[in-house]
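Inspection log for the structure reproduced underneath, given as structure tokens.
What follows is the structure in structure tokens.
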């Protein structure tokens, strides 16, 4: 017999539009200055776009900054440093932005010549903002079995919302599934296990399958 | 015309469910598209498929077309070229002609929709009729380096809109109004993209006298210098030294375009006496284009400049490996070495084509990734979803919107 939750869990889904800012960088100094200034929604966009746009590829180029610095400017070492920023360690966009800024600043201190590299015309970095639209779905669940059944069939946009956007952009500190399992079901062990995943290293379908396996194992035991 | 249900096997039930959820939020809003032609050209092609689907979703949608004479469309063609960055002499008389016809349209076109969605520069002046309803301007043109005289003239109107929409990040400008990035799309159920039986593909090859004896490299595009057909032939000749293959260059040209006729003559001259090069000057025939793409081993799009380059999406949707220039909207569709190969030169293109012909497994993987990229990001259903989100954004200013 599965434990019933104190409060049911409502699945939401998240759709998004890309808003253009007209801001562009042609070299590292400009990139750095703009990263400091642009709205948090831009930082969010450029560190999360790949997850949804290239969901079938693994491993992913982890963020647009790393991709541009490596492929356009040819600064492979900085690109590697930017791509290895462990996004899951940051609880807010603000702290993630600070980490990106300090990574570039530290690199420029030691590699002054890097300021002299310019992007070719047409290969500038364009800053884009992510606008999210959050909608409730009809799925409401009251125990782990029901949660499992919905995770099997819900859109990957919904999984994305509850795992990535809720934690970082809405600053809930943890993903929605872990929060609910911990606080409403009272299963701290499973909640911690899900919180312990690094979701940035999965494709979205891979993440869905991982959640399914974890829930099935828990229900069986 | 395809119904929404028919897209479910291609994109999945959940994508169509999302469309229905969004349409629900637009209940009671009247959406009105306005452009300059009911047929021909990419905008009309998309609206012809988009408007019936919006209606099927229950979004009250109408589509109006402005009127204009030869002179007016002559001027808007000049605007188009000038916005693309081509040297074009635009005179004050041209602006007068534009304003005279616009004044007539302002009188005659009903713009009472809750959301008025204006496509491209031709109907842009209708904004003068704006009341308290919401207005959107969709620019389908590459305006990364626009002629400043024309751009400044258009800015008088653009600034009065609530939001603007562009197809690629490089087209965006610093504007005081909101601007969104929405890529165009292909319809997987249209004649150009639907599945075809092998017999149909073979029949088209026979019709054009193309044997199936060796790999085929194809570029589909107008015979236009910006599509670099001569560069494609040079690429082919470099590849042909090492790999036995054929080249198809297929497309049309406007009969009133003297430059187009000159280009095709040059292409034919360059290709003559090479029986492996097939130059097909075709009338619009979507099924045949579809068949030629499906018959190809590698598809090229070696454009020098490109608005968006939907022929790339068409090729990728058919699972074909693509070698394309890194211009316009092409890098949005092709992530180098993941979903195709990007190039900057004839030598680079030739190397990429050889790689793909000699490594069929690699080519197959790129084609597969490309198809999934198109499924996720460049099909009509994504376009439809983004248009509905765009309409909803007009009533919300925040970056996270709870509907």
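Protein chains in written order, with the working numbering: chain A, 30 to 250; chain V, 223 to 625. Note that the Cβ used here is the ideal one computed from N, Cα and C, for glycine as well. This structure is a prediction, so every number in the text was calculated from the model and none was measured.
When the five nearest sequence neighbours on each side are left out, the beta carbons in the same chain lying within less than 6 angstroms of the beta carbon of residue 404(V) are those of 387, 608, in order along the chain. Not a single CB atom of chain A sits nearer than 8 angstroms to the CB of residue 379(V).
Of the residues assessed, residue 522(V) falls on the buried side of the cut-off, its CB having 16 or more other CB atoms within 10 angstroms. Taking a 10 Å sphere around the C-beta of residue 237(A), we find 16 or more other C-beta atoms and assign the residue as buried. For residue 44(A), the chain V residues whose C-beta falls within less than 8 angstroms of its own C-beta are 240, 244, 607, 611, listed in chain order. Counting other Cβ atoms within 10 Å of its Cβ, residue 167(A) stays below 16 and is therefore classed as exposed. DSSP places residue 255(V) within a strand segment (E or B) once states are collapsed to three. In its chain, beyond the 5 residues on either side, 40, 41, 204, 205, 206 have a beta carbon closer than 8 angstroms to the beta carbon of residue 191(A). Excluding five sequence positions before and after residue 195(A), the CB atoms of its chain that fall closer than 7 angstroms to its own CB belong to 201, 204, 205, given in chain order. Cβ-Cβ distances below 6 angstroms link residue 617(V) to nothing in the same chain once the five nearest sequence neighbours on each side are left out. Straight-line measurement puts the Cα of residue 563(V) at about 6 angstroms from the Cα of residue 546(V). Taking all protein chains shown into account, residue 313(V) has fewer than 16 neighbouring C-beta atoms within 10 Å of its C-beta and is therefore exposed.
Residue contact check for residue 48(A) against chain V: a CB pair falls below 8 angstroms.
Residues are counted here when their Cβ sits less than 8 angstroms from a Cβ of chain A; for the stretch 366-399 of chain V these are 366, 388, 391, 392, 394, 395, 396, 397, given in chain order. Within the model, the alpha-carbon separation for residue 361(V) versus residue 342(V) is close to 5 angstroms. Think of a sphere of 7 angstroms around the beta carbon of residue 184(A): the chain V residues whose beta carbon falls inside it are 236, 240, in chain order.
In the structure shown, residue 73(A) adopts helical secondary structure according to DSSP, grouped into three states. For the set 321(V), 516(V), 396(V), 375(V), the Cα lying nearest the Cα of residue 421(V) is the one of 516(V). Taking 8 angstroms as the cut-off, the Cβ atoms of residue 541(V) and residue 590(V) count as close.
Closer than 8 angstroms at the C-beta level to chain A, one finds these residues of the stretch 564-591 of chain V: 591. Judged by DSSP in its simplified three-state form, residue 149(A) adopts coil rather than helix or strand. Looking at the backbone, the Cα of residue 158(A) and that of residue 47(A) are separated by about 6 angstroms.
Within the stretch 400-411 of chain V, the residues whose Cβ lies closer than 8 angstroms to any Cβ of chain A are, in chain order, 400, 401, 402, 403, 404. Residue 111(A) is outside the set of residues whose beta carbon lies under 8 angstroms from a beta carbon in chain V. If you check the CB distance, residue 376(V) and residue 346(V) come in under 8 angstroms. Excluding the 5 residues flanking it on each side, residue 160(A) has same chain C-beta neighbours closer than 8 angstroms at 45, 46, 47, 48, 70, in chain order.
For residue 225(V), there are no CB contacts under 6 angstroms within the same chain when 5 residues up- and downstream are skipped. Here DSSP, grouped into helix, strand and coil, assigns residue 93(A) to helix. Beyond the five residues adjoining it in sequence on each side, residue 543(V) comes within less than 7 angstroms, by CB distance, of 520, 562, 578, 585, 588, 589 in the same chain, given in chain order. Looking from the CA of residue 619(V), the closest CA among 306(V), 240(V), 400(V) belongs to 400(V). Out of 407(V), 281(V), 574(V), the CA that lies nearest to the CA of residue 252(V) is found in 281(V). Under DSSP, residue 158(A) forms a beta bridge with 48(A). Taking C-beta atoms under 8 angstroms as the contact rule, residue 358(V) and residue 322(V) fail to qualify, at a distance of about 25 angstroms. Taking a C-beta distance under 8 angstroms as the contact criterion, residue 268(V) and residue 406(V) qualify as a contact pair. Chain-order list of chain A residues neighbouring residue 615(V): 46, 160, by C-beta distance under 7 angstroms.
Residue 223(V) places its beta carbon 8 angstroms or farther from that of residue 260(V).
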